[in-house]
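> One structure, as structure tokens, below. Some questions next.
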Amino acid sequence: MTAPRLGLLLDVDGPIASPVTRTIAIPSIVHDLVALAAEGIPIVFNTGRSDAFIRSEVVAPLLAGGLAEGGRVHAVCEKGAVWCSIGPQYEGGMGELTVAEDLALPRDYADEMRELVRAEYADLVFFDETKRAMVSIEQRVEVPNATYLERQPEFDAKAMGALVRRGLGVRRLDDVRPAADGSVAWRIDPTIISTDVESDRSGKDLGAERSLELLAADGELPVAWRTMGDSRSDYAMADWLHANGHDVAHVDVRPADGVPATSYPVLTAPEGVIHDEAGARFLRDWTRAA
């Protein structure tokens, strides 16, 4: 069996789904993902989103767009805590879910965050009831992003306080490394449209590791990789692949945050082309290169 020319690890919000509509708003994205899968290109959606979101906003459009059986398409959700395979051979387009229960927050913490949203922030955000391990609070689509970002730190401080009050191990918001001693700890990860509360072992690097485990079970690993995301934390996918000896380049669809120094190439779209518009351009290029 010939190894695929390329493998894709794709963040969803930003490069695939519009951060405004939270849907795949550019039709060519679906067309090109279906075409790449038909060619045998492995595709893994490595995302903080829930499996329910992926089912409705990614898998459903792919099935409607003609995704065929036999494609090597998978989803790693909640930053490595939930994973499954994707294809029309599965009911609803998604295979059996695996959930890493050791990455799940205590239920009473989730209950407190749900009540906090209801009592103080219902005009700004909603509590994501579809998450199985992490806790996510997301900006309402009708709320201006600037309004959300202005109030986000206030909510994040209360979320952190609830962790501390329970005596749970807590890491700094900007410390994305797991605890050196292997102990369980939790962190707050703010994004441009949400706040995630998660295990410090979760992350796009864990998602990359899960992705290769899924792909190793269904065929040859690709010759080269492209990872794609819209935030600095998405670089962890390429970091992990590079550290484990894989040829990789990372696509940053929102480089305004600053492109860090890396040991691998970083690709960006022309100035002013960001998010799913940038993602669509790269997918089209990779499809045409077949």
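Residue numbers (our numbering): 29 to 318.
The C-beta atom is built at its ideal place from N, Cα and C for all residues, glycine as well.
From a predicted model like this one, the values you see are computed outputs, not experimental measurements.
1) Per the contact definition of three or more C-beta pairs closer than 8 Å, is the segment 58-72 in contact with the segment 94-112?
2) Based on the DSSP output, what are the partners of V101 in its beta bridges?
3) Could you tell me the alpha carbon to alpha carbon distance between V145 and D275, rounded to whole angstroms?
4) Could you tell me how far apart the beta carbons of A213 and D228 are, in whole angstroms, since I believe they sit closer than 8 Å?
5) Hey, could you find the ends of the alpha helix (DSSP H) L311 is sitting in?
6) Is S230 closer than 7 Å to T158 when the C-beta atoms are compared?
7) Could you give the distance in angstroms between the alpha-carbon of G108 and the alpha-carbon of E305?
8) Specify the secondary structure class of E119 as computed by DSSP and reduced to three states.
9) Can you tell me whether H270 is helix, strand or coil according to DSSP?
10) Just tell me which of L240, I44 and F183 has its CA closest to the CA of S164.
11) Going by other Cβ atoms of all chains shown within 10 Å of its Cβ, with 16 needed for buried, is G247 buried or exposed?
12) With DSSP as the reference, identify every bridge partner of A147, one or two as the case may be.
13) For E124, count the other beta carbons within 10 Å of its own beta carbon; 16 or more makes it buried, fewer makes it exposed. Which is it?
14) Would you call the segment 133-150 and the segment 272-287 in contact, with 3 or more CB pairs under 8 Å?
Walking through what the data contain:
1) With the cut-off at 8 Å, the segment 94-112 and the segment 58-72 touch.
2) To locate residue 101, count along the sequence shown from 1; it is residue 73. Paired residue(s): I71 and I114.
3) As a position in the sequence shown, residue 145 is number 117, starting the count at 1. As a position in the sequence shown, residue 275 is number 247, starting the count at 1. So the two alpha carbons sit approximately 43 Å from each other.
4) In the sequence shown, counting from the first residue as 1, residue 213 sits at position 185. In the sequence shown, counting from the first residue as 1, residue 228 sits at position 200. Approximately 5 Å separates the beta-carbon atoms of A213 and D228; this is inside 8 Å, confirming the contact.
5) Sequence index remark: in the sequence shown, residue 311 carries index 283 (1-based). Element bounds for L311: H303 to R316.
6) The residue given as residue 158 occupies position 130 in the sequence shown. The residue given as residue 230 occupies position 202 in the sequence shown. For T158 and S230, no; Cβs fall outside 7 Å.
7) On the sequence shown, position 80 is the one that residue 108 refers to. On the sequence shown, position 277 is the one that residue 305 refers to. G108 and E305 have their C-alpha atoms roughly 26 Å apart.
8) Position 91 of the sequence shown, counted from the start, is the residue given in the question as residue 119. DSSP, read as helix, strand or coil, puts E119 in helix.
9) Taking the sequence shown and counting its residues from 1, the one referred to as residue 270 is at position 242. Helix at H270.
10) As a position in the sequence shown, residue 164 is number 136, starting the count at 1. Of the candidates L240, I44 and F183, the one whose C-alpha sits nearest the C-alpha of S164 is F183.
11) Taking the first residue of the sequence shown as 1, we reach residue 247 at position 219. So G247 counts as exposed.
12) Taking the first residue of the sequence shown as position 1, residue 147 is located at position 119. Beta-bridge pairing links A147 to no other residue.
13) In the sequence shown, counting from the first residue as 1, residue 124 sits at position 96. Taking all protein chains shown into account, E124 has fewer than 16 neighbouring C-beta atoms within 10 Å of its C-beta and is therefore exposed.
14) The segment 133-150, when compared against the segment 272-287, does not touch it at the 8 Å Cβ threshold.
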